[in-house]
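S.K.: First the structure, then my questions, so here it is.
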Amino acid sequence: MKRPALFILSVLILGSVFSCQSGSQQKRILTLGIRHESNTFSTLPVTMLDFTVLRGAEALKGQKWADVIREADMEVIPTLHAYAWPGGVVEQSAFETFMNEILDSIKNAGRLDGIYMDMHGALHAEGYDDAQVTLIRKIRELTGNDVLISGSFDLHGNLSPDFVNEIDLLTAYRTAPHRDAEETRVRAVELLIDALNSGWDPHIEFVEIPILVPGEKSITEVEPLNSIYTQIPVIAGREGLLDASVFAG
Ligand SMILES: [Zn+2]
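Pasting the structure below:
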């Protein structure tokens, strides 16, 4: 809730091929997640105890997206994946503890080709104007721009232009109530795998549209959202485009 309610349309464009990939070396994808929908109108902070935190192999158990990475013959390197039910703003100490652990894992991970972020997209932490931007910029400080970062998001995520500038690939749920969480995560890693295999340099076009949809109208099976969301796969299938998302944060 940290940004005004806007429709955000993002279109992922196939850019030029950016580099010769490193031949026969197995590609390495590091994964992380701080998935939380933070409501800044709530007076109840979300603490460390509210989160379920999974690390290492435990974070991959039963996750179809992890199987997809392995089936692509790429190495998956899980770090911290933290999830909590929607609530207020995340306590500063909890956010910083999670972020620092993720950054330490990246420092110790060795060579990386890609990063997958399993996020909600509306994370807000005490003491930060844009916690998601802080997180991804600190990751970029470690990895540079050659490591491709892909992310999956809830369509109620509030991504800022600064965040979209830092990420290479993104995709969001296409249903509300949400029934496509798993397929969205799979789509995010498939985009990353395809980009790594093809040497693509993807570019995201990001447009903020000043439309407000009341809560009782924010169901993707009824109008006005039905007409909008049913166009997403059609738009995403156009030549030169990799994906399209509509955020209604
Ligand atoms: Zn949602």
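Heads up: the sequence shown begins at 0 in numbering that gives the first Met the number 0, then just goes up one per residue.
A virtual CB, placed ideally from N, CA and C, is assigned to each residue, including glycine.
#1: Measuring alpha carbon to alpha carbon, tell me which of G248, F152 and P232 ends up nearest I210.
#2: Can you tell me the Cα-Cα spacing of R54 and I33, whole angstroms?
#3: Run through DSSP, which three-state label would P77 get?
#4: Would you check if the stretch 150-169 and the stretch 113-121 touch, i.e. whether three or more CB-CB distances between them fall below 8 Å?
#5: Closer than 5 Å between the C-beta and any heavy atom of ligand 2: which residues qualify, listed along the chain?
#6: When you compare the stretch 165-181 with the stretch 38-54, are there three or more beta-carbon pairs, one atom per stretch, that lie closer than 8 Å?
#7: Hey, which unbroken runs of the beta strand (DSSP E) at 3 residues or more fall wholly within the stretch 119-147?
#8: Based on the DSSP output, what are the partners of I218 in its beta bridges?
#9: Looking only at its own chain, which residues have a Cβ that is under 7 Å from the Cβ of G87, when we skip the five neighbours before and after it?
#10: For E207, does the three-state DSSP call read helix, strand or coil?
#11: Is I166 helix, strand or coil when you go by DSSP?
#12: Using the Cα positions of S197 and S149, report the straight-line distance between them to the nearest angstrom.
#13: Going by DSSP, what residues sit across from S149 in a beta bridge?
#14: When DSSP labels each residue in this structure, what does R173 get in the three-state scheme?
#15: So L111 packs on L29, CB below 8 Å; how close in whole Å?
#16: Out of curiosity, what's the CA-to-CA distance linking I76 and A243?
#17: Between the alpha carbons of S81 and K60, how many angstroms are there, rounded?
#18: Suppose contacts are defined by Cβ-Cβ distances below 8 Å. Is R173 in contact with W64 by that definition?
#19: Quick one: give me the first and last residue of the beta strand (DSSP E) that L29 is part of.
#20: Would the beta-carbon of M98 fall within 8 Å of that of K26?
#21: Measure how close the beta-carbons of V146 and G109 come, nearest whole angstrom, since I'm counting them as under 8 Å.
#22: Assuming Y115 contacts V212 (C-beta within less than 8 Å), just tell me the rounded distance between them.
M.R.: Looking at the atomic coordinates:
#1: Per the Cα distances, G248.
#2: If you draw a straight line from the Cα of R54 to the Cα of I33, it is about 12 Å long.
#3: Note: P77 maps to strand in three-state DSSP.
#4: As far as the Cβ criterion goes, the stretch 113-121 touches the stretch 150-169, which means the pair count is three or higher.
#5: Absence of ligand 2 is noted for the structure shown, with ligand 1 being the only ligands found.
#6: With a cut-off of 8 Å on Cβ pairs, the stretch 165-181 is not in contact with the stretch 38-54, counting fewer than three such pairs.
#7: Uninterrupted beta strand (DSSP E) stretches at least 3 residues long and entirely within the stretch 119-147 do not occur.
#8: Its beta-bridge partners do not exist; DSSP assigns none.
#9: Only S37, N38, S41, T42, L43, P44 and V45 meet the Cβ criterion.
#10: Correct three-state label for E207: strand.
#11: Here I166 sits in coil by DSSP.
#12: The alpha-carbon atoms of S197 and S149 are separated by roughly 15 Å.
#13: In the DSSP secondary-structure assignment, S149 is bridged to Y115 and L168.
#14: In this structure, R173 counts as coil in the three-state DSSP scheme.
#15: 5 Å between Cβ atoms; contact.
#16: When rounded, the distance between both Cα atoms is 27 Å.
#17: Reading the sequence as shown, one finds Ala at residue 81 and not Ser. Note on geometry: alpha-carbon atoms of A81 and K60 lie some 14 Å from one another.
#18: Contact check for R173 against W64 fails: the beta carbons are separated by 8 Å or more.
#19: R27 to R34 is the span of the beta strand (DSSP E), which, as asked, contains L29.
#20: 8 Å or more divides the Cβ of M98 from the Cβ of K26.
#21: Contact flag wrong, Cβ pair sits at about 12 Å.
#22: No, Y115 and V212 are not in contact; Cβ-Cβ is about 29 Å, not under 8 Å.
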